[in-house]
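There are 2 protein chains.
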Amino acid sequence: MRFTAKTEYAVRAIIEIALLDKDRPAQVKEIATRQAIPERFLEQVMAALKKDGLIESTRGSQGGYRLARSAEQITLADIIQAIEGPMQVIECLSEDLRNQKCEQVDLCAVRDVWKGVQSSLLEALDSITLAKLLEKYQNQRKAKAQQV
Amino acid sequence: MRFTAKTEYAVRAIIEIALLDKDRPAQVKEIATRQAIPERFLEQVMAALKKDGLIESTRGSQGGYRLARSAEQITLADIIQAIEGPMQVIECLSEDLRNQKCEQVDLCAVRDVWKGVQSSLLEALDSITLAKLLEKYQNQRKAKAQQV
DNA sequence: CAAAAACCCTACCTTAGAGGTAGGATATAA
DNA sequence: TTATATCCTACCTCTAAGGTAGGGTTTTTG
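Protein sequences appear in the order of chains Z and G. All residue numbers for the first sequence refer to the working numbering, where the first residue is 1 and numbers rise by one. All residue numbers for the second sequence refer to the working numbering, where the first residue is 1001 and numbers rise by one.
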């Protein structure tokens, strides 16, 4: 039960974008160096975030990425699902395809339980907005600055 | 973000064990057929559950598996961690090894957030006991029986 | 108008883990 | 002593994770 590195990169990257958002778009190159993420790999992460409408891009010189909506309106659940696709804690929980084996009562009693677990998780992830992440991030920087 | 098939098998298997528990030990062969799980594969699942002390075995003829403690004292979290190891929603959340990159403030502010997500998930999983699973399972069987 | 600076699209590569099969050893009841 | 079970270990195949790479397109700017 683990989130992928790609997902973790996405979270760190979008924080970096949000920090600059008022001033100028953030570029893949600078995000990559600041966050120690492989640059070419990060490009693909950004593509996924853009595809899901979380960020928008401007091409060419002085271009880069901006948030597509406010930091209050972007949640951890949004980011994760942009990268990993719709949440599905076990295979037979997909909505679209009618499942084959699960007509048997025996197997499907458990299905509801998994559904409940998934809901709990999604709820937790939905309650964490990018705005909250930013706040935590900046508090920590202040605390660290005082130590020195 | 998905639990493995092995984990799902484990849950279904331990339900099957619990159903018989008062009368006699459950055998891999019968669990496998009743739950449509590959028999040889299920053997390995059982080994993991036993290793973590959730079930106990008797070998030889008329042998099989029993719960090692009451159904109230076994949770979904127990089962999952017996199969998949300690919960760790992202890599850098391991307790034992001192992390290398994460000394940088930038990266580690996010770490606490992941820790929180993990706690929420574990809490949800801990609240679901095997006893509850059994109850749901048997209710569903009754409901299905009435339909016919 | 050309060149630099960005994003964009697609293909490919390597490795680890998931999911499962298989052989045979060992313990126990009948 | 034989049938019935668990136990231990090795192996196999396929997919996804994680990353690299080549080259294209758009936009600013000197």
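Ideal Cβ positions, reconstructed from N, Cα and C, are used throughout, including at glycine.
Residue i - DSSP class collapsed to helix/strand/coil
i	result
G/Ser1070	coil
G/Asp1096	Summary for G/Asp1096: the model assigns pLDDT 47, below 50, so the residue's position carries little reliability, and this model does not support an answer.
Z/Gly60	coil
Z/Ile90	coil
Z/Ile128	coil
Z/Ile37	coil
Chain G within 7 Å of residue i, Cβ atoms only
i	result
Z/Ile90	yes
Z/Tyr137	yes
Z/Gln100	At Z/Gln100 the pLDDT is 47, less than 50, meaning the model places this residue with poor confidence; the figure from the coordinates comes in the next sentence. Taking Cβ atoms only, chain G never reaches closer than 7 Å to Z/Gln100, which makes this a no.
Z/Ala109	yes
Z/Phe41	no
Z/Val11	yes
Z/Arg59	no
First and last residue of the uninterrupted alpha helix (DSSP H) at residue i
i	result
Z/Thr7	5 to 20
Z/Asp78	76 to 84
Residue-chain proximity (residue i, chain Z), Cβ-Cβ < 7 Å
i	result
G/Asp1096	Confidence at G/Asp1096 is low in this model, with a pLDDT of 47, below 50, so the placement of that residue should be treated as unreliable; the coordinate-derived value is given next. No, G/Asp1096 does not count as interfacial toward chain Z.
G/Leu1122	no
G/Val1117	yes
G/Gln1140	yes
G/Glu1008	yes
G/Gln1024	Looking at the sequence provided, one finds Arg at residue 1024 of chain G rather than Gln. Taking Cβ atoms only, chain Z never reaches closer than 7 Å to G/Arg1024, which makes this a no.
Cβ pair count under 8 Å reaching 3, the stretch 110 to 123 of chain Z against the stretch 55 to 75 of chain Z: no
Can at least three beta-carbon pairs, one atom from the stretch 1027 to 1042 of chain G and one from the stretch 133 to 142 of chain Z, be found at a separation below 8 Å? no
Three or more C-beta pairs under 8 Å: does that hold for the stretch 1004 to 1013 of chain G against the stretch 1115 to 1125 of chain G? With a cut-off of 8 Å, the stretch 1115 to 1125 of chain G and the stretch 1004 to 1013 of chain G do not count as touching, because too few Cβ pairs lie within range.
Say whether the stretch 1067 to 1077 of chain G touches the stretch 1126 to 1135 of chain G, bearing in mind that this needs 3 or more beta-carbon pairs closer than 8 Å, one atom from each stretch. yes
Validate contact between the stretch 61 to 69 of chain Z and the stretch 7 to 19 of chain Z using beta carbons, cut 8 Å, 3 pairs: yes
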